[in-house]
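So the sequence lines, in the order shown, correspond to chains A and B. Quick note, the first sequence lines up with residues 4 to 365 if you use our numbering. Quick note, the second sequence lines up with residues 6 to 412 if you use our numbering. Notes follow once the structure below has been shown.
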Amino acid sequence: MYFGLSDDQIFFQENVSKFLADQASLDVIKLISDGGNDTKKADIQRGLINLGINGLLIPEKYGGLGLDLLFATAVSQSLGSGVAPVSFTGSYVMAPIAINEGGNDGQKSKYLSGIADNAIKFGVAFTEYVGSRENAHISINNDRVSGSALFTLDIEESTHLLVSNQNGKIGIVETNHKGVEVIKLTTIDKTRNFSEIVFNDVDIDILEKTISNDVAIKKSIDAGRIILSADSIGASQTLIDKAVEYSKERKQFGRFIGSFQAVKHMCAEMTADLEPCYALLWHAAHAFDNMPDEARLMACQTKSHTSEVAKVIAKKATEVHGGMGFTDLMGIHYWFKRIGLNRQLLGSPELIREEAAKIQGF
Amino acid sequence: MDLSYGPEYKNFKKEIQDFCNDWKGVNFSDGVQVSLGQSFSNKGKTITRTEWQSILIERGYFARSIPREYGGYGGEADIIKSRIIATEFSNAKIPPAMSGQGIDMLVPTLLELGTEDQKKKYIKPTLLGEMIWCQGYSEPNAGSDLASLQTKGELINGSWVINGQKIWTSTAQYSQMMFCLVRTEPEANKHAGISYLLIPMDSIGIEVRPLVDMTLKAGFNEVFFTDVSIPESNIVGNRGEGWAVANATLGHERGSLTNPNATMNRVNSLIEMMKAETVNGQRLIDIPVFKDRLIQIQGKVMAFQSNSLRVLSSKLNSNQDTKIASMIQKLVGTEIRHELEGLAIDIMGEIGTLYEDSPHIRDDGSWQFTYMYYLGLIIGGGTNQIQKNIISERGLGMPREPKVKEV
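Here is the structure:
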């Protein structure tokens, strides 16, 4: 019995962290978030692809690394920890899983190989299935798609889009097709880009197995929720580390503020809340890979629970920094906002708990 | 990640399940309360507590790694087997082996630090449940700041003579023995002046006064000592080493307070109740606000359960560091359980406040009882505020509070 990340997973995770520490310092994150440096953003994405993050979940026969979701989870913790301004959840987790699960052999061969050798990059537009708002209404008829999808993940530099309708039928569209309109959304979290996509009667390559069932989209969303949870956990850990570090440097009333119980207890509470999230996260990823009966419930509970925990940590860690925590200068807000957006993506906690209840038959 | 226990444990699990089947519904003629917040079926065999302890020891289901000569099973410690036993017993609603401060705290302390005579004399009857122990640590003016305790012990003509008072002493009213912290070196600084003594509760000069807690059930006591005399040899460790001896056992207590599997079983009982009960003709499980709170607490318990698997794993794999994951267990486990029991009360509404032998009561009032009982556990065993100090200072390396002049 061994409960935890393996040496390989930790090694890979640390490599990602080292790369980000080196290439994506807070100053760089600020530059990118201010919209002033798309080249640097692309460089960081390319550097991570050189490390292999695009091929983690692609089976070896399509040129990928053939690893499991727990591996991707370990990586996502690092990305969240460093508020990495890159694509991952949509392009390299949800897309390969949806295609591997829903595609026919030809589709798998074409798209999965394409992701593995970085010729194809997907944006993922599944909001219609998760929680349709603004009367977006995606309709897929006779290999044509119309309607709009909000909050498309990982749209930047994408060559293709995965889009689903309300029933979980998934198809693939080329991003630069003339009927595809990309409307950039401005969210609180400027480390990542989100767009609304409007499809005006566009050709769509429907993943064959998704015509008859919604297994592929469910698996893809379960995985996405676990990966977003990992991102929030990574971000939360950085916030706690920063808060503790700050409390050991900042003096008031002739003492380090970290010696006041009011501050100490906030840090202890954050830690006590976060620590079990790691175990839940890895357990959920392991269930996704190996325990199909428990996988869906665990994915829901992980996303819902870690979203609640991370929200409180984002608040308390900012408070520990006092007024400085509220400034742009300190940059704590990048983590605060990343957590805030992750919470809503692929289902807010309340909606996901409703789903968790349904899964259990209540 | 590997959650399997390996093939040898498959057989063991089967063995335990068979055992549980054989003993389904066992209950005790001597009526000792065995497990709080769980009710066991009244059907089945009736035996004494001691008989049950013997059966469990004989089979290695309890006191597994304690040497035979001291009354244990004499096997290798096997944490996975312990886990399987706890889980299967809990699932089958079979009473677990007796626990208590003697078994959980004194026995490990004696094994580590006791003399040969002490081990021979005390461990076996304690394991069998024939010798019940209480813990004499806290005093009216020494709670969280335990080391400031003032109960005095003087060595006079080869006997320790003890004067003073202890409080929050669970089970003192039916204990045969107390392990007790006493100030024996008044000149030494506060931590260095304490000794760990073993006191027979029938000694002349001991007075036990009940201190009824808010549950009106599980009683604490105050224990008063007036010139109580015990043999010089009833000391564990040397004079002035009592603080170190006690710290060995405090660790045992913190680890033993919460069992995540029992908590998950409790969640499942709550789900059953929410399916069965109605308000205004609607099943409780169908009421969205209740359902949302249920799923929320279920998520917390799942995380707590996974956390404890991680801690278990670190005991089997020496390269894993789960210091923080272990440190938070008392804080998190007690708070979650209190919240969970409170939810059950909320969903029952006024019915949830019924107590004792009231008409309309559900589950013998166990939700209400456990809700209050866990508030006691949140405070006891090192308050959760003290736990937060420990997590922040020892876990996160945050600075200690500056010393102030005592008032």
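All C-beta atoms in this analysis are idealised placements derived from N, C-alpha and C, irrespective of residue type, glycine included. From a predicted model like this one, the values you see are computed outputs, not experimental measurements.
query = Taking only beta-carbon atoms, is A:GLN264 less than 9 Å away from chain B?
reply = yes
request  = Use the C-beta contact count for A:GLY67: other C-beta atoms within 10 angstroms, 16 or more gives buried, fewer gives exposed.
outcome  = buried
query = Any C-beta of chain B sitting closer than 9 Å to the C-beta of A:LYS267?
reply = yes
task = Counting only the same chain and skipping the five closest in sequence on each side, list residues whose C-beta sits under 7 Å from that of B:ASP232.
result = VAL166, ASN168 and GLY210
query = For A:GLU63, which residues of its own chain have a beta-carbon under 6 Å away from its beta-carbon, when the five flanking residues on both sides are left out?
reply = Taken in chain order, the residues that qualify are GLY69.
ask   = Going along chain A in order, which residues have a C-beta closer than 7 Å to the C-beta of B:TYR10?
value = The CB of B:TYR10 comes closer than 7 Å to the CB of MET4 in chain A, given here in chain order.
query = Which word fits B:PRO12, buried or exposed, when buried means at least 16 other C-beta atoms lie within 10 angstroms of its C-beta?
reply = exposed
Contacts that A:VAL19 makes with chain B (C-beta to C-beta distance below 7 Å) = The contacting residues do not exist; A:VAL19 stays about 19 Å from chain B at best.
task = Alpha carbon to alpha carbon, how far is B:ILE240 from B:LYS328? Give it in angstroms, no decimals.
result = 32 Å
task = Using the DSSP secondary-structure output, state which residues sit across from A:GLY150 in a beta bridge.
result = A:PHE202
task = Kindly list, in the order they appear in chain B, the residues whose Cβ is closer than 7 Å to that of A:LEU434.
result = With chain A running from 4 to 365 in the structure shown, residue 434 of chain A is simply not present.
query = Hey, does B:ASP150 have any beta-carbon neighbour from chain C nearer than 9 Å?
reply = No chain C appears in this structure, whose protein chains are A and B.
inquiry  = Buried or exposed, going by whether 16 or more other CB atoms sit within 10 Å of the CB of A:TYR114?
reply    = buried
ask   = Listing by chain order, which chain A residues have their CB less than 9 Å from the CB of B:ASP122?
value = Ordered by position in chain A, no residue passes the 9 Å Cβ test against B:ASP122, which lies about 39 Å from the chain.
task = Answer with buried or exposed for B:TYR179, where buried requires no fewer than 16 other C-beta atoms within 10 angstroms of its C-beta.
result = Exposed is the call here.
ask   = Is the Cβ of B:ARG259 closer than 9 Å to any Cβ of chain A?
value = Unreliable positioning characterises B:ARG259 in this predicted model, as indicated by a pLDDT of 49, which lies under 50. The coordinate reading is nonetheless provided below. By this cut-off, B:ARG259 is not an interface position.
query = Which residue from A:LYS267, A:THR309, A:THR213 and A:ASP276 puts its Cα closest to that of A:ASN103?
reply = Selected option, being the one with the closest Cα: A:THR213.
message = Which complete alpha helix (DSSP H) runs does the segment 292–368 of chain B hold, if anything under 4 residues is left out?
response = 293–321, 328–332 and 334–353
ask   = Would B:ASN312 count as contacting chain A if we go by Cβ distances under 9 Å?
value = yes
key: Pairwise C-alpha distance: A:ASP225 and A:THR92   = 11 Å
ask   = So A:ILE175 and A:GLY126 are in contact, right, with Cβ under 8 Å, and what is the actual spacing, rounded?
value = Not a contact, Cβ separation roughly 11 Å.
key: Residues in the segment 241–263 of chain A having any Cβ partner in chain B nearer than 7 Å   = VAL247, SER250, LYS251, ARG258, PHE259, GLY261 and SER262
ask   = Which partner residues of A:VAL127 appear in the DSSP bridge assignment?
value = Paired residue(s): A:LEU156 and A:LEU165.
Beta-carbon proximity check, A:MET4 vs B:LEU8, cutoff 9 Å = yes
task = Report buried or exposed for A:GLY227, applying the criterion of at least 16 other Cβ atoms within 10 angstroms of its Cβ.
result = buried
ask   = Taking the alpha-carbon positions, what's the B:MET182 to A:ALA265 distance?
value = Going by the C-alpha atoms only, they are around 40 Å apart.
request  = Note down, in chain order, each residue of its chain lying with its Cβ closer than 7 Å to the Cβ of A:ALA219, except the 5 sequence neighbours on either side.
outcome  = ALA101, GLU104, GLY105, ILE173, LEU210, LYS212 and THR213
ask   = In its own chain, which residues sit with a C-beta less than 6 Å from the C-beta of B:ARG214, not counting the 5 before and 5 after it?
value = GLU227
request  = Note down the Cα distance separating A:ASN145 from A:SER151, rounded to an integer number of angstroms.
outcome  = 17 Å
key: Of the residues A:GLU17, A:ILE362 and A:LYS44, the one placed nearest A:ARG195, counting alpha carbons only   = Closest by alpha carbon: A:LYS44.
Coil, strand or helix - A:SER239 by DSSP = helix
ask   = When the cut-off is 9 Å and only beta carbons count, does B:PHE309 lie next to chain A?
value = B:PHE309 counts as touching chain A.
ask   = Where does A:GLU353 sit, in a helix, a strand or coil, going by DSSP?
value = helix
ask   = According to DSSP, is B:ILE161 helix, strand or coil?
value = DSSP places B:ILE161 in strand when its eight states are reduced to three.
key: Pick from A:ASP25, A:LEU72, A:THR76 and A:HIS140 that is closest to A:SER235, judged by C-alpha positions   = A:THR76
key: Nearest-angstrom Cα separation, counted from A:MET301 out to A:ASP292   = Each residue's alpha carbon lies about 12 Å from the other.
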